[in-house]
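Take a look at the structure set out below.
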Amino acid sequence: MDDLRTSREYASIGDLLVTTARTRPSRPAAARVAVSDGYRVTAARVDTWLDRGQITSASVSFSRDNTAAPLSLMSSDFEVQGRAWPFLLSADKVRRLVASGYTMVITGPEIWDGTLRRSALEVTRAMAASLNTMVFLTPPGTSGFHRHRDRDDFVVVVQTEGSKRWRLYDAPPDGWTEDDDTRPAPAAQSAEVVLDVGDTLVIPRGWGHAASAETGGVSTHLSFGVNHVSPAHLLRTAIIGALRRMKESATLEDTEAAYRALVAEFREGAADDLVLEYVSAPFRTGDLRLGDL
Numbered sequence: 073m074d075d076l077r078t079s080r081e082y083a084s085i086g087d088l089l090v091t092t093a094r095t096r097p098s099r100p101a102a103a104r105v106a107v108s109d110g111y112r113v114t115a116a117r118v119d120t121w122l123d124r125g126q127i128t129s130a131s132v133s134f135s136r137d138n139t140a141a142p143l144s145l146m147s148s149d150f151e152v153q154g155r156a157w158p159f160l161l162s163a164d165k166v167r168r169l170v171a172s173g174y175t176m177v178i179t180g181p182e183i184w185d186g187t188l189r190r191s192a193l194e195v196t197r198a199m200a201a202s203l204n205t206m207v208f209l210t211p212p213g214t215s216g217f218h219r220h221r222d223r224d225d226f227v228v229v230v231q232t233e234g235s236k237r238w239r240l241y242d243a244p245p246d247g248w249t250e251d252d253d254t255r256p257a258p259a260a261q262s263a264e265v266v267l268d269v270g271d272t273l274v275i276p277r278g279w280g281h282a283a284s285a286e287t288g289g290v291s292t293h294l295s296f297g298v299n300h301v302s303p304a305h306l307l308r309t310a311i312i313g314a315l316r317r318m319k320e321s322a323t324l325e326d327t328e329a330a331y332r333a334l335v336a337e338f339r340e341g342a343a344d345d346l347v348l349e350y351v352s353a354p355f356r357t358g359d360l361r362l363g364d365l
């Protein structure tokens, strides 16, 4: 099998992400990275988020052996000012799910964690690419997902607690798209590596992979989805967003006017600046041009 480990040591997670975005590696590779306190996400930190009510049912999911937990197993009805609100996340139910072997997947922790948000803002501006951050908390000796392929240009994994065993398979077949849910064949496994705290693994788009926590304790890792954004993609996204927001009563003339306004704004602005504005938008406040993407 291939040896994924390199001698590379990254000074920070920001350095790791920016370097990955700029060099665009074509094969999976494992290395070491210095993990600052701000990025050191552990089960205890997740517990703090839960106790503070910062994690919502919209930002979390659970999976055990590729089977998702239904919403009813993670949420409860809460009464607020005499009104029952369904689907509010229950910290007790979350802990029971994890104790029963479910992997907890948290999406976008920058929404409530200011340290992660400031770091994400700095990184997206430096690498001029979009960033999707996820936290995976996996009980010892379990696996949340079967073999699969990801659509991100790069998935950058950073182990922050415990250990996790990763199995890499083949590169995506010719013509592969994110709509193709065909799983890598077991015989296509090409490498295996165990990530400990401070280890990182970069997986290019479409490479088959699977992971399971080692038996010694809970595994927590950060997963960063890095995606390059071209000016053409940005304009298409802006046009689609503008059309979706138009009233049903909008006329053809209204539609053409909205389209022409976006194209004019795009032509008048510096394309690189617009891309930077777009990729950093989730992590900052302020007005956003191009039709408020």
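Under the numbering used here, the first residue of the sequence shown carries the number 73, and numbering increases by one thereafter.
Ideal Cβ positions, reconstructed from N, Cα and C, are used throughout, including at glycine.
The structure presented is a predicted model; accordingly, all values stated were derived computationally and were not measured.
Item	Value
Helix, strand or coil for Pro276 per DSSP?	strand
Identify, in the order they occur along the chain, each residue of the same chain with its Cβ nearer than 7 Å to the Cβ of Arg197, setting aside the five sequence neighbours on each side.	Leu348, Ser352
DSSP on Gly363, reduced to helix/strand/coil?	Bear in mind that a pLDDT of 38 at Gly363, under 50, signals an unreliable position, so the model cannot answer this.
List the whole-angstrom C-beta distance separating Leu240 from His281, where the pair is believed to meet the contact cut-off of C-beta under 8 Å.	5 Å
Would you mind sorting Ile275 into buried or exposed? The rule is 16 or more other CB atoms within 10 Å of its CB.	buried
Are there 16 or more other CB atoms within 10 angstroms of the CB of Asp364, so buried, or fewer, so exposed?	With a pLDDT of 40 at Asp364, under the threshold of 50, the modelled position of this residue cannot be trusted, and the question is left open.
Give a yes or no on whether the C-beta atoms belonging to Ala243 and Gly213 are separated by under 8 Å.	no
Using 10 angstroms around the beta-carbon of Ser79, count the other beta-carbons present and answer buried if the total reaches 16, otherwise exposed.	exposed
So is Pro181 in contact with chain B if we call contact Cβ pairs under 8 Å?	Any reference to chain B falls outside this structure, which holds one protein chain only.
Given this structure, state the Cα-to-Cα distance separating Leu209 from Leu203, to the nearest angstrom.	20 Å
Only counting the same chain, and skipping five residues up and downstream in sequence, which positions put a Cβ closer than 8 Å to that of Leu360?	With a pLDDT of only 40 at Leu360, under 50, the local geometry of the prediction cannot be trusted, and no value is derived from it.
Which residue marks the beginning of the alpha helix (DSSP H) containing Phe367, and which one marks its end?	Any question about residue 367 goes unanswered here, given that the chain covers just 73 to 365.
Could you tell me whether the segment 81 to 93 touches the segment 292 to 311, using the rule of 3 or more Cβ pairs below 8 Å?	yes
Alpha carbon to alpha carbon, how far is Phe159 from Gln126? Give it in angstroms, no decimals.	14 Å
Quick one: what does DSSP say Tyr241 is sitting in, helix, strand or coil?	coil
Would you mind working out which of Met206, Tyr174, Leu169 sits nearest Ile183, comparing C-alpha positions?	Met206
Helix, strand or coil for Tyr82? Go by DSSP, reduced to three states.	strand
Got a sec? Which residues, its chain only, sit under 7 Å from Ala330 by beta carbon, not counting five neighbours each side?	Ala314, Met318
Quick one, which of Ala201, Asp185, Pro142 has its alpha-carbon nearest Asp344's?	Ala201
Between the segment 243 to 252 and the segment 116 to 136, can you find at least three pairs of beta-carbon atoms closer than 8 Å?	no
Do you know whose CA, among Thr254, Lys236, Arg316, Asp271, lies nearest Glu81's CA?	Asp271
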